[in-house]
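Chemist:
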Amino acid sequence: MRVVVADDSALLREGVQLILADAGHEVVAGVGDGTALVEAALRERPDLVITDVRMPPSGADAGLGALAEYSEERSGGETWWGVGLRAAVQIREQWPTAPILVLSQYVVEAYADELLAAGTGGIGYLLKDRVGDIDEFLAAIESVAGGGTVLDPQVIGQLMTRRRDPLQSLTPREREVLSLMAQGMSNAAIAQRLVVTSGAVEKHTQRIFAKLHLSPDDTTGHRRVLAVLTFLRG
Amino acid sequence: MTYSMVMSDDAGTRPGPVGRPCGGRVSGLVGRTLTCSLYLLVAWPFQLAVFVVNVALIATALSIVLAPLTIPLAIAVAGSAAAIERGLVDRLVGVEAPQSRRLLRARGERWSSYVMRVLRSPATWFEVVWSLAGWLVSMITWIVTIVWWSIALGGITWPLYGWAIHGHDGNQDLSDLLGMHSFGAAVIVNVGIGLVFLATMPLVIIGMARGQGLVSAALLGRAEQEAKIAELTQAREAARQAESAQLSRLERDIHDGPQQRLVRLKMDLARMERQVGEDSHAILGLRAAIASTQETLDELRALSKGIAPPVLADRGLVAAVREAAGRGTIPIMVEADLGDVLLPPHLEQAAYFVVSEALTNIAKHSGARSGLVSVRAAGVQLSVSVTDDGQGGAHPAKGSGLVGLQNRVRSVGGTLTLESPVGGPTTLLAQFPLT
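Chains as they are written, first to last, in this note's numbering: chain A, 1 to 234; chain B, 1001 to 1435.
#1: Between the segment 84–92 of chain A and the segment 1283–1300 of chain B, can you find at least three pairs of beta-carbon atoms closer than 8 angstroms?
#2: Since B:Pro966 is in the beta strand (DSSP E), which residue starts that stretch and which ends it?
#3: Count the other CB atoms within 10 Å of the CB of A:Ser215; is the residue buried (16 or more) or exposed (fewer)?
#4: List the whole-angstrom C-beta distance separating A:Tyr125 from A:Val155, where the pair is believed to meet the contact cut-off of C-beta under 8 angstroms.
#5: Under 8 angstroms between C-beta atoms, does A:Gly63 make it to chain B?
#6: Mind checking if B:His1255 is an interface residue toward chain A, Cβ cutoff 8 angstroms exclusive?
#7: Is it true that the CB of A:Val38 sits closer than 8 angstroms to the CB of A:Ile91?
#8: Taking just the CA atoms, how far does A:Ala210 sit from B:Ser1366?
#9: On the criterion of 16 or more Cβ atoms from any shown chain inside 10 Å, does B:Tyr1161 qualify as buried, or is it exposed?
#10: When DSSP builds the beta bridges, which residues end up paired with A:Val49?
#11: By Cβ distance, which residues of its chain are closer than 8 angstroms to A:Glu136, with the 5 residues on each side in sequence left out?
#12: Is any beta-carbon of chain B found at less than 8 angstroms from that of A:Met55?
#13: Under 8 angstroms: do the segment 109–124 of chain A and the segment 142–153 of chain A share three or more Cβ pairs, one atom per stretch?
#14: With 8 angstroms as the threshold, decide whether the Cβ of A:Gly157 is near any Cβ in chain B.
#15: Starting from the beta carbon of A:Val108, find every residue of chain B whose beta carbon is closer than 7 angstroms, and list them in chain order.
#16: With a threshold of 8 angstroms, are at least 3 pairs of Cβ atoms found where one atom belongs to the segment 1417–1428 of chain B and the other to the segment 1380–1391 of chain B?
#17: Can you pull out the residues from the segment 24–58 of chain A whose beta carbon lies closer than 7 angstroms to at least one beta carbon of chain B?
#18: Measuring straight from C-alpha to C-alpha, what distance separates B:Cys1036 and B:Val1129?
#19: If I measure Cβ to Cβ from B:Thr1360 and keep anything under 7 angstroms in the same chain, skipping five residues before and after, which residues do I get?
#20: So, at 6 angstroms on beta carbons, what are the nonlocal neighbours of A:Ser71 in its own chain, with the 5 sequence-adjacent residues on each side left out?
#21: Checking contacts by CB at 8 angstroms: is A:Asp152 closer than that to chain B?
#22: Kindly confirm or deny that the segment 1145–1154 of chain B and the segment 1231–1244 of chain B touch, where touching means at least three C-beta pairs closer than 8 angstroms.
#23: Comparing the C-beta of A:Gln168 with each C-beta of chain B, is any distance below 8 angstroms?
#24: Using a Cβ-Cβ cutoff of 9 angstroms, what residues of the segment 113–135 of chain A are near chain B? List them in chain order.
#25: What residue ranges within the segment 1309–1397 of chain B form continuous alpha helix (DSSP H) runs of no fewer than 4 residues, ordered along the chain?
#26: Within 8 angstroms (strictly less), CB to CB, does A:Arg175 reach chain B?
#27: For A:Leu11, go through chain B and note every residue whose CB falls closer than 8 angstroms to its CB, in chain order.
#28: Could you list the residues in the segment 1337–1368 of chain B with a C-beta less than 8 angstroms from some C-beta on chain A, going in chain order?
#29: Excluding the 5 residues flanking B:Val1311 on each side, which residues of the same chain have their C-beta closer than 6 angstroms to its C-beta?
#30: Are the beta-carbon atoms belonging to A:Leu103 and A:Ile50 less than 8 angstroms from one another?
#31: Give me the subset of the segment 1199–1229 of chain B whose CB atoms are less than 9 angstroms from a CB atom of chain A, sorted by chain position.
#32: Are the segment 1047–1055 of chain B and the segment 1119–1134 of chain B in contact at 8 angstroms, needing three or more beta carbon pairs?
#33: Taking all protein chains shown into account, decide if B:Thr1435 is buried (16 or more other Cβ within 10 angstroms of its Cβ) or exposed.
#34: Determine, using beta carbons only, whether B:Met1267 comes closer than 8 angstroms to chain A.
#35: Less than 8 angstroms between the CB atoms is what I'm expecting for B:Val1384 and B:Val1412, so what's the real figure, rounded?
#36: Name the DSSP beta bridge partners of A:Ile123, please?
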């Protein structure tokens, strides 16, 4: 797989690059700001774009960021947030099916919304910690590159605080399954995680869909994830 | 966020020693009595004159047409009289009542804003009230002073003139009334009374002067109080902002430094684990190292949240609350409605800690199966409440961190209430004023 990696911290960018290289993927470009990211992505058209959500908008700001050590706004403050997202949107404008995985130091629920609204094509939102769980990380990038949706469990946890009544009609087990579905896991993966048979998982998902009034047409694959996420986002 | 510090500038005259009343100029009992008497004798005529002038002015103000002229005039008269009174009280009685410069026009200050400031300050109206009512107190003390002096002096010097009036034309002396008719007895009685009054004079005179001085100080010394309050409020505001900024900076430093390195470290260790192979004896050690690194990361994150949660600083209260609610194992719903209100950072932090602490307690003690967090800003108040359907019975004394939370809430001017009947449900409510 050809990958473009973007993160303003050279330390973390390098770490991700090494993990990808170990697994046989090729990192065609490594950049540190939003402008460079858009340019590299559109130029290289990789199989996957991995980007930090928080970066300086452009190379000039990155330099300024270093100088800003002596000022209040150390890492660029408010303006650096969402730069990765905006870059993703920009990339999607010209390349609608670009597969993009967004990494973040901590969960920001609003970004899940924006990402999911940013169009078709593979999309992912993970905590940076998650990269260190290498097996899961590699599975996630395969999924996103293949057009799937992957969301960090913590993001799902936050989304689930939004919808009150319907969720309360679910049993704790069903809520767990719902959460795993929303993260983008397949039935087989869920079965493995919860240490049950996939038949049991099937039954759970059917019951969940019934209780939440979701269409039975959306019970598998990518459409399922979207259906669940659409529901959770209200 | 910037703030400006107003340098306070107290009145140039600092009062004299307060220790011994009336001891400003002439010390010694006699001198002090005389000084106090001087004050008391001067005070009433002066205050009466002020009263007459101001009553006339204010009565004239009933005619709406003249009010814009006479009211300011009355205020000016009261102000000047108050200044004189303060001077008298300061120099003669030795009681502090300095006027801070707030009521004086600052250099270059526009007249209109100066007038508005004067009108809005309660100190101004206290001066007016004093100008109208002060004479009552001073009248009483004046009369008592006159009486005391008269009786004291008159009594002591009685032998000098008493012989002329004693027994003449059916004059009846005090001693006659007591049944003693001789001249000697009259002398003794009158001089005795005079001596008694003389002996008690310092006490009475100094006491009254001090009392009246304190009354004046109470009514006229308010400008300084107001200035002090304003100063303290600004200082507190500045302290809060400084603390808030410092905590944010500290969290940033943690995030940009150690935290990043740990994330990278975990990545490197994880890669090593894969390379080393399942049956190598090193793999156990590596796995332990990875676990340890993740724990350190979690601890650092928790520390960051304890210092200044990064999501709070970057995305605001609602986002941070949602994150905290979503982190737990039981479902917590979040209802948030801030409208357009922009919250100051120290308020956001306090509100966030209420939620975070409450959620921790719910997870640890309550046995609840669901919870609700509500954040609302309406008008002049921010309300944050956390409810759970657990077993209740929570009490600040049980070491659930509620006392510290209460202090934190109070330090930003808020109130914290806890309702936790045994059997539940429990609700923790914090309300903060929005200035």
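Glycine included, each C-beta is placed from N, C-alpha and C at the ideal position.
Note that the structure is a prediction, hence the values are computed from the model and not measured.
Modeler: Well, looking at it:
#1: no
#2: For chain B, the structure presents residues 1001 to 1435; residue 966 of chain B sits outside this window and is missing.
#3: Counting Cβ neighbours within 10 Å, A:Ser215 comes out exposed, since fewer than 16 surround it.
#4: Between the beta-carbon of A:Tyr125 and that of A:Val155 there is about 6 angstroms, and that keeps the pair under the 8 angstroms contact cut.
#5: The predicted position of A:Gly63 is uncertain, since its pLDDT is 48 and thus under 50; a value taken from the coordinates is nonetheless stated next. No - not a single Cβ of chain B is within 8 angstroms of the one on A:Gly63.
#6: yes
#7: yes
#8: Whole-angstrom Cα-Cα distance: 32 angstroms.
#9: The residue in question, B:Tyr1161, is exposed, as its Cβ has fewer than 16 Cβ neighbours within 10 Å.
#10: A:Val4, A:Ile100
#11: Arg130
#12: no
#13: Taking 8 angstroms as the limit for Cβ pairs, the verdict is that the segment 142–153 of chain A does touch the segment 109–124 of chain A.
#14: yes
#15: Val1311, Arg1315, Ala1319
#16: yes
#17: none
#18: For B:Cys1036 and B:Val1129, the gap between their C-alpha atoms comes out near 24 angstroms.
#19: Counting only residues of its own chain and dropping the five nearest sequence neighbours on each side, B:Thr1360 has no CB closer than 7 angstroms to any other CB.
#20: Unreliable placement is indicated for A:Ser71, whose pLDDT of 38 sits below 50; the coordinate value is still reported in the next sentence. So no residue of the chain qualifies.
#21: no
#22: no
#23: Yes, A:Gln168 lies at the interface with chain B (some Cβ there is under 8 angstroms from its Cβ).
#24: Lys128, Asp129, Val131, Gly132, Asp133, Ile134, Asp135
#25: 1310–1315, 1317–1327, 1345–1361
#26: Yes, its Cβ sits closer than 8 angstroms to a Cβ of chain B.
#27: Gln1260, Arg1261, Arg1264
#28: none
#29: Ala1319, Ala1320, Glu1323
#30: yes
#31: none
#32: yes
#33: exposed
#34: yes
#35: Wrong, their Cβ atoms sit about 12 angstroms apart, outside the cutoff.
#36: Per DSSP, A:Ile100, A:Thr149.
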